[in-house]
Every structure is written in C-alpha cells, then in structure tokens.
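Heads up, the thing below is written out as structure tokens.
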Amino acid sequence: MTQQTPSKAAYRRIATEEAFAPREMIDIYRRMTADKVIDDPGFNSMWSFYLSGSSARGRFIIDGLTDMEHQRIAHMDAAGIDMQVLSLTSPGVQIMDRAEAVSFAGQSNDWLADAISRHPTRLAGLAAVAPQDPQAAAREIQRGVTELGLKGVIINSHTHGEYLSDPKFWDIFEAAQALDVPIYLHPMTPPKNMIEPLLECGLDGAIFGFGMETGMHALRIITAGVFDRFPKLQMILGHMGEALPFWMFRLDYMHAATVRSERYDSMRPLQRKPSDYLKQNFHITNSGMAWEPAVKFTQEQIGVDRVMYAMDYPYQYDPAEVIALDAMDISDEAKKKFFETNATRLFKLD
Ligand code: MN
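-2 is the number of the first residue of the sequence shown in this note's numbering; add one for each residue after it.
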C-alpha cells in the first residue's frame, strides 16, 4: 500500500459504499459462527476467518468496521476522502432470525445516526432493514430517513436464500419510492444452494461469487417487473454494476427471445428492455474496481450522471486508487459528477 496521499482536487471526494459494524454485531457473528447456528456455509466460512484474528487483513477489517472516530477519519484524510456514505456491513441483520434482525436494525441505525452527528461533514449513512419482516422494514425506512436523517437503504442481497423479486418484499420498494431514497443492493456470500462449486475453489467471495449472486439478484428484480410497478425507484449496484453493464446486449436479446418462447411463467413481458431499467432505475459505483476503462464504458453506456465513486473501506483501502482515478482521462465536469455531484444529488447530501 502506498503512503502517498491524493492532492486536493476541484471536487469533494464522496465514497458511497463504505462499511461499518457496531461491536455488538461482531459479537453476534462470533456467537453465530462458533455455534454454527445458521446452516449457511458462506457466512460461516467468511466470518470465521475474519473473526479468528489469524490474518492481518482480518484484524484490519474488524478494526476498520468498528471504529467510527479517529482511525476512520485519519484513513479518510490519508486517502483524500471528504465524506463516506456508510452501510452496515454485509450481511448485516439479514443473517439473523426475524426478531433479532428487526430489533438490531433499529439499534444499528440509531448507533450510526449518533456517529454521524459527531462527524456531520464527514459521514452520512444508509438505513439497515430486516427483509425478514417487510412491513417492519418499510417502517424502519420511514423512521431512518425522516427521524434519523439517513439517506437511503442498504440491502445485503439475499435473505436466507430469498430474493426481493418475491412480491412479499415489495413494501420495501414502496417505502423507498415514496420517500425518494435509493436502495443500495450490496453483495453477501451466495446462499447454500448456490455456493458449493464457488466455495470449493475459493471463488465464493469478492473475487467473483459476490458479483455473480448480486448481479443475478438485480436481474431477478428487473425481470419480476419491480420497476414497472415502482417506476421512480432508484437502486444502486457496486463493483461496476456487478458486470451487468457489459452484459446489456445479451440481456436484451435473450430476454426478448425467452419471453417470446413462453417457456417460463416467471419471465413475462416488461414495459421496457432490461438495459432500459439499468439506465433509468440504477446508479453504479466503482467500489473495488478502480479501473478507468470500466468506469468510462459504464459512463458511456449507463450515463455520466449515474456512475459514482466508492472505495469499499475497510475491505479495500488504497490511497493509490484515488490517485489513479483522479488521473482518469475524462472531462473535469465528468470527474466532478463521478466523485461528488452524482452522490450529492442522489443521496440529497449537503
Ligand atoms: Mn462493500
């Protein structure tokens, strides 16, 4: 890791997929992994590793997630980050049982709002919710936005193998659309019925499995007709859109062909093409993908107003990446949108 700090820029750098965890949640995960209370091989494998303390990376991540004060702000300063938009780290409350998830989501949002109140110019945050209870989740979105000043919603992909394409979850979409706040669809480890061939070769995590599972989740939401029902809803995908921008041609072509074939009851005609929803109902962040060609391609195809900066702290912390993105060969106007104004507009930041 370089020690070089990015220089002052003509824009504020707002990082939009940054993680935190209250110490109490780390303790819950420690208990859950020790007792294997959930039959979820991805969660048990990943969190046993981080919590074992056996690697410098694991220790850095746990420290970075739980510190909301000096270390976090110092790392932001060292990387030239003016503001972090914080999310409860994956899988958040979604791995818990229903009652604990509902209760802990509220506690965590209170804790986050408290930290933001101590650093109002440096931190903003998204509300965690428990999809296990969609009506309680909708109420928590309302409370988080109107009472705690949170700027959107974090959903860490599937909940015990269930996907938001199921209409039983759609109160969550209704609440977000009504309050005009975005939902960040963030990865978690693939569910038990998907993970085995990934886990056995080490591809289950951020290297590939996260993107595969979360990209599929976003496609399920699109093909289920969520955006025909909630046309103003905005969602966010990290990691350069979990590769979906690169797939748009094939998604449109094969969606039309599959609908025509009438092979699946679950794939019905939509009002727009899959790529239209990606261009009109999604924003994309470059978390974990400090790669100029991918940023440019996505700006060109999805829109320069829809691609935002993210670092993915503390999982990815590298000031050199900021320096590389500062140097991208794009217009000053496009760079300011990327680092600052797309985020201030979408999240209604000060
Ligand atoms: Mn992340």
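Don't be surprised by glycine CBs; every beta carbon is placed ideally from N, CA and C.
Residue i classed as buried or exposed, judged by whether at least 16 other C-beta atoms fall within 10 angstroms
i    : result
M251 : exposed
E197 : exposed
F17  : buried
N283 : buried
A127 : buried
G199 : exposed
D329 : exposed
F246 : exposed
F344 : buried
R20  : exposed
S154 : buried
K229 : exposed
H67  : exposed
P290 : exposed
R96  : Residue 96 is actually Ala in this sequence, not Arg. Exposed, by the Cβ-count rule.
I204 : exposed
beta-carbon residue i near the ligand MN non-hydrogen atom, thresh 7 Å
i    : result
D309 : yes
Y312 : yes
A16  : yes
G235 : yes
S45  : no
H72  : no
S114 : no
H67  : no
S284 : yes
H183 : yes
Residue i: CB within 7 Å of a non-hydrogen atom of the ligand NAD
i    : result
A125 : Because the ligand NAD does not appear in the structure shown, any question about it cannot be addressed here, the ligands present being the ligand MN.
inquiry  = Just to confirm the assignment: which complete beta strand (DSSP E) runs, minimum length 3, are found wholly within the stretch 11 to 73?
reply    = 11 to 17
inquiry  = Under 8 Å: do the stretch 36 to 56 and the stretch 100 to 111 share three or more Cβ pairs, one atom per stretch?
reply    = no
message = For a minimum of 3 consecutive residues, which ranges assigned as the beta strand (DSSP E) are wholly contained in the stretch 211 to 274?
response = 232 to 234
query = Is it true that the stretch 200 to 212 meets the stretch 239 to 248, where meeting means three or more beta-carbon pairs spaced less than 8 Å apart?
reply = yes
request  = Could you pull out every unbroken alpha helix (DSSP H) segment of at least 4 residues lying fully inside the stretch 140 to 221, listed in chain order?
outcome  = 167 to 176, 189 to 196, 206 to 220
inquiry  = Using 8 Å as the cut-off, can you tell me whether the stretch 260 to 269 makes contact with the stretch 221 to 236, which would need three or more C-beta pairs spanning the two stretches below that distance?
reply    = yes
message = Between the stretch 127 to 141 and the stretch 39 to 46, can you find at least three pairs of beta-carbon atoms closer than 8 Å?
response = no
request  = Could you tell me whether the stretch 103 to 123 touches the stretch 142 to 150, using the rule of 3 or more Cβ pairs below 8 Å?
outcome  = yes
task = Check whether the stretch 252 to 261 touches the stretch 280 to 298, counting contact only when three or more Cβ pairs, one atom from each stretch, lie closer than 8 Å.
result = no
message = In chain order, what are the residue ranges of uninterrupted beta strand (DSSP E) at least 3 long that sit wholly in the stretch 63 to 138?
response = 80 to 85, 120 to 122
Validate contact between the stretch 1 to 17 and the stretch 53 to 69 using beta carbons, cut 8 Å, 3 pairs = yes
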